[in-house]
Amino acid sequence: MDNFNMLMEGFATAAQPIYLLYALFGVFIGTAVGVLPGIGPAMTVALLMPITYSLEPTAAMIVFAGIYYGGMYGGSTTSILLNTPGESASIVTALEGNKMAKAGRGAAALATAAIGSFIAGTIATVLLTFLAPVIVDFAINLGPVDFVALMVVAFLTIGALLGGSILRGMASLVLGLFIGLIGVDDTTAQQRYTFGFPGLTDGIDVVLVAVGLFAVGEALYVAARMRKGPVEVMSMGSSSGNSAKWMSKDDWKRSWKPWLRGTFIGFPIGTVPAGGADVSTFLSYATERKLAKGKNKKQFGHGAIEGVAGPEAANNAAAAGVLVPLLTLGIPTTATAAMMLTAFQRYQIQPGPLLMETNGALVWALIASLYIGNLMLLILNLPLVGLWVKILQIPRPYLYSGILVFGALGAYSLNFATLDVVILLVIGILGFFMRQYGYPVAPMVVAMILGPMFEVQLRRGLQISQNDVSALVSTPFTWVVYGALVLMFVASFFIKRAQKKMESAPLEQIEENSQ
Amino acid sequence: MSEATTRPVIVLGYVPGALGDAALAAAVDECGRRDAKLLVINSTRADRTVDVHYAFEPDMERLRTYLEAGGVEHEIRQFTSDQLASDDVLEAAEKADAELIVIGVRRRSPVGKMLMGSDAQRILLQAECNVLAVKA
Numbered sequence: 359m360d361n362f363n364m365l366m367e368g369f370a371t372a373a374q375p376i377y378l379l380y381a382l383f384g385v386f387i388g389t390a391v392g393v394l395p396g397i398g399p400a401m402t403v404a405l406l407m408p409i410t411y412s413l414e415p416t417a418a419m420i421v422f423a424g425i426y427y428g429g430m431y432g433g434s435t436t437s438i439l440l441n442t443p444g445e446s447a448s449i450v451t452a453l454e455g456n457k458m459a460k461a462g463r464g465a466a467a468l469a470t471a472a473i474g475s476f477i478a479g480t481i482a483t484v485l486l487t488f489l490a491p492v493i494v495d496f497a498i499n500l501g502p503v504d505f506v507a508l509m510v511v512a513f514l515t516i517g518a519l520l521g522g523s524i525l526r527g528m529a530s531l532v533l534g535l536f537i538g539l540i541g542v543d544d545t546t547a548q549q550r551y552t553f554g555f556p557g558l559t560d561g562i563d564v565v566l567v568a569v570g571l572f573a574v575g576e577a578l579y580v581a582a583r584m585r586k587g588p589v590e591v592m593s594m595g596s597s598s599g600n601s602a603k604w605m606s607k608d609d610w611k612r613s614w615k616p617w618l619r620g621t622f623i624g625f626p627i628g629t630v631p632a633g634g635a636d637v638s639t640f641l642s643y644a645t646e647r648k649l650a651k652g653k654n655k656k657q658f659g660h661g662a663i664e665g666v667a668g669p670e671a672a673n674n675a676a677a678a679g680v681l682v683p684l685l686t687l688g689i690p691t692t693a694t695a696a697m698m699l700t701a702f703q704r705y706q707i708q709p710g711p712l713l714m715e716t717n718g719a720l721v722w723a724l725i726a727s728l729y730i731g732n733l734m735l736l737i738l739n740l741p742l743v744g745l746w747v748k749i750l751q752i753p754r755p756y757l758y759s760g761i762l763v764f765g766a767l768g769a770y771s772l773n774f775a776t777l778d779v780v781i782l783l784v785i786g787i788l789g790f791f792m793r794q795y796g797y798p799v800a801p802m803v804v805a806m807i808l809g810p811m812f813e814v815q816l817r818r819g820l821q822i823s824q825n826d827v828s829a830l831v832s833t834p835f836t837w838v839v840y841g842a843l844v845l846m847f848v849a850s851f852f853i854k855r856a857q858k859k860m861e862s863a864p865l866e867q868i869e870e871n872s873q
Numbered sequence: 013m014s015e016a017t018t019r020p021v022i023v024l025g026y027v028p029g030a031l032g033d034a035a036l037a038a039a040v041d042e043c044g045r046r047d048a049k050l051l052v053i054n055s056t057r058a059d060r061t062v063d064v065h066y067a068f069e070p071d072m073e074r075l076r077t078y079l080e081a082g083g084v085e086h087e088i089r090q091f092t093s094d095q096l097a098s099d100d101v102l103e104a105a106e107k108a109d110a111e112l113i114v115i116g117v118r119r120r121s122p123v124g125k126m127l128m129g130s131d132a133q134r135i136l137l138q139a140e141c142n143v144l145a146v147k148a
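Sequences listed follow chains A and B, in order. Going by the working numbering, the first sequence opens with residue 359, and the numbers climb by one from there. Going by the working numbering, the second sequence opens with residue 13, and the numbers climb by one from there.
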């Protein structure tokens, strides 16, 4: 009951008009960036980080959480109407959603996506509310070696399981770990990899790396292949009349089960460091496809509403799930969560098992704002579809030059040092080549943020055991975690195979569009 | 045979929607009156994800049927180009030594005029030949 009271207090904070405005701002920006291909929530949080310094922590976190949730909603709009997923977690939605729009049932597809996202987001937030304190109670007893195990899992899953190539993912991860080492060593105060260069003694700011990779690299990449034909926008309703508008009774009947199934597929996948939202959408789609019977089964590939309802619910549930390890253990499992972790650190708040105790008011206000943000998104999304499509009419040169200026400005404002802007540009060029040659950038950012924490825990663990390496696998918890890691790799092998099968024909076309 | 080649050319800057349809109707009319052939231009710079001025298959299909029904000799050029749509129309008109350019014009708000350039205005001011501005 205590948690319930805390949550109510959180609502009392989050419902203050000023915080409502911040939440509205967050979900609005989040939806907009979710709509735009190539611009995701992680990049937006990174770009906004310098300007939110002046805000107090609660306001900043509410904005970031809104962006995170909003991004999940926005992606579905473009997937359905344009066959162009705004972000990776909406790729599956395009499979059936765009077919529905082509058949004149765009409004129904958008509605089932939005309502499914709302239901899944709300249920998942409830699960988060009740699960988080339980995990915290447990996590408080974890020692350094246990955290080392958790972080090893996070590193390996983010580096190796996400994206197509294990080698490229790991290369990106190791590069991130290296950049994280630059600066003064916490334990011995020695300088590492600074080459006697005074500007590097404080290390390279995470925001520089994130903005450089996500924003500058992406902008250069788009600029290098600017001319890409426009895509066709499907109209929302049926052209013959308004009889098929929104969701029919049959649509509701076919949607509610996939919504719930999507929620319970998405949430657990979000909580384990195994890849956030994308994996859950593929799993949900595959499940719906398997479970569909008779006439509905034949509709798959031609616009089955289950194929939109399930994955859209799953990606929102996963988004809430990702917050569980972030808020309870301080371990980010996606790039956006990693950026939120950085935001906590900037306010001198150390995420981890103690977060709920030391900053309970903030955490509960954040969770309460998730409920509110979800409701806002449901109300905002459907009527404003026209506006979101209009955003896509902005010529790319304007959009990306704006992002570059904003990114450079933010980099300069960190320390008012020109060196930071130079570092930003160097990392941006690196990001461009990584993108060009298919190296994922997310592992690099996550590794850079998690790396220093990993090092602290590892050295602490080894100091306690007096450099006995076998201590790393000494507790039952570590056995469970490493065992789970092996299981995850085996499972991912099968999931990847199923995913490939599904990706065969229609997805290639979508990925072409989404560039 | 020389008659066919000396037929005057009318260039139509086509955009999908009511504006383009009005211009199309006027252009076909004008072709009948002048016994001219019609050159339809629809281009995009392809620098944005959504370009509402670029015609997709349903609109193109409608365009073709309308022209067939109108019984005018015509050519449709649809392409991606580096320049503005107005430059594409002007260039095509110049190359074909066109007698007339037909475009649709619409009312614009003062703020809209201040912020955005106007392809219609560029064509009106820079064309070598006469321009028929169709109100929609």
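The beta-carbon is built from N, C-alpha and C at its ideal position, and this holds for glycine as well. Model, not experiment: these values are computed from the prediction.
CB-CB length for residue i against residue j, believed under 8 Å
i       : j       : result
G541(A) : M528(A) : So it is not a contact: roughly 23 Å between Cβ atoms.
A805(A) : G538(A) : 7 Å
A719(A) : A478(A) : Rounded, the Cβ-Cβ distance is 27 Å, inconsistent with contact.
I493(A) : T686(A) : 4 Å
D63(B)  : P755(A) : With a Cβ gap of about 14 Å, D63(B) and P755(A) do not count as contacting.
Limits of the unbroken beta strand (DSSP E) element including residue i
i       : result
N54(B)  : 49-56
Q138(B) : Segment 131-138 is the alpha helix (DSSP H) holding Q138(B); no beta strand (DSSP E) there.
A145(B) : 142-147
Check whether residue i and residue j have beta carbons under 8 Å apart
i       : j       : result
V574(A) : L783(A) : yes
I481(A) : A675(A) : yes
A400(A) : A581(A) : no
R118(B) : A148(B) : yes
Y840(A) : A512(A) : no
V40(B)  : L50(B)  : yes
A419(A) : A635(A) : Checking the displayed sequence, the identity of residue 419(A) turns out to be Met instead of Ala. It is not a contact, given that the beta carbons lie outside the stated cut-off.
F790(A) : Y579(A) : yes
S642(A) : I623(A) : yes
A547(A) : M714(A) : no
A726(A) : T371(A) : yes
Y427(A) : L728(A) : yes
G796(A) : R463(A) : no
I425(A) : G388(A) : yes
M792(A) : V565(A) : no
V23(B)  : A104(B) : yes
L519(A) : V799(A) : no
Residue i versus residue j: straight-line alpha-carbon distance, rounded
i       : j       : result
S475(A) : R45(B)  : 58 Å
A48(B)  : E42(B)  : 8 Å
L75(B)  : I115(B) : 15 Å
L136(B) : K107(B) : 17 Å
N142(B) : L102(B) : 11 Å
S601(A) : D608(A) : Caution applies to S601(A), whose pLDDT of 41 falls short of 50 and renders its modelled position unreliable; the value that the coordinates give is listed next. For S601(A) and D608(A), the distance between alpha carbons rounds to 13 Å.
I749(A) : A390(A) : 7 Å
S596(A) : A466(A) : Because S596(A) carries a pLDDT of 42, less than 50, the predicted location of this residue cannot be relied on, and the following value inherits that uncertainty. Roughly 10 Å between the two C-alpha positions.
Q657(A) : V569(A) : 42 Å
G665(A) : F852(A) : 21 Å
I689(A) : Q90(B)  : 52 Å
S93(B)  : D59(B)  : 10 Å
R704(A) : K457(A) : 45 Å
L712(A) : Q815(A) : 15 Å
K653(A) : W837(A) : 47 Å
P741(A) : V747(A) : 12 Å
L649(A) : T470(A) : 18 Å
A849(A) : V630(A) : 13 Å
V680(A) : A423(A) : 11 Å
T639(A) : A678(A) : 14 Å
L767(A) : I787(A) : 17 Å
Residue range of the alpha helix (DSSP H) that includes residue i
i       : result
L876(A) : With chain A covering only 359 through 873, there is no way to say anything about residue 876(A).
E576(A) : 575-582
T716(A) : 713-716
L820(A) : 800-822
beta-carbon residue i near the ligand SAH non-hydrogen atom, thresh 7 Å
i      : result
N54(B) : Looking for the ligand SAH in the displayed structure turns up nothing, as the structure carries no ligands at all.
Interface residues of chain C facing residue i [CB-CB closer than 8 Å]
i       : result
V589(A) : Absence of chain C from the displayed structure is noted, the protein chains being A and B.
Using Cβ-Cβ distances below 7 Å, what residues of the stretch 53-76 of chain B are close to chain A?
Per Cβ criterion, the list reads T56, A58, D59, R60, T61, V62, D63, V64, Y66, F68.
Note down, in chain order, all residues in the stretch 557-579 of chain A with a beta-carbon under 9 Å from any beta-carbon belonging to chain B.
Within the stretch 557-579 of chain A, no residue has its Cβ closer than 9 Å to any Cβ of chain B.
Please list the residues of the stretch 747-758 of chain A that have a C-beta atom closer than 7 Å to any C-beta atom in chain B, keeping them in chain order.
Answer in chain order: V747, L750, Q751, I752, P753, R754, P755.
Going along the stretch 419-450 of chain A in order, which residues come within less than 9 Å of chain B, judged by CB to CB distance?
For the stretch 419-450 of chain A, which is checked against every Cβ of chain B, the residues closer than 9 Å are T436, L440, T442.
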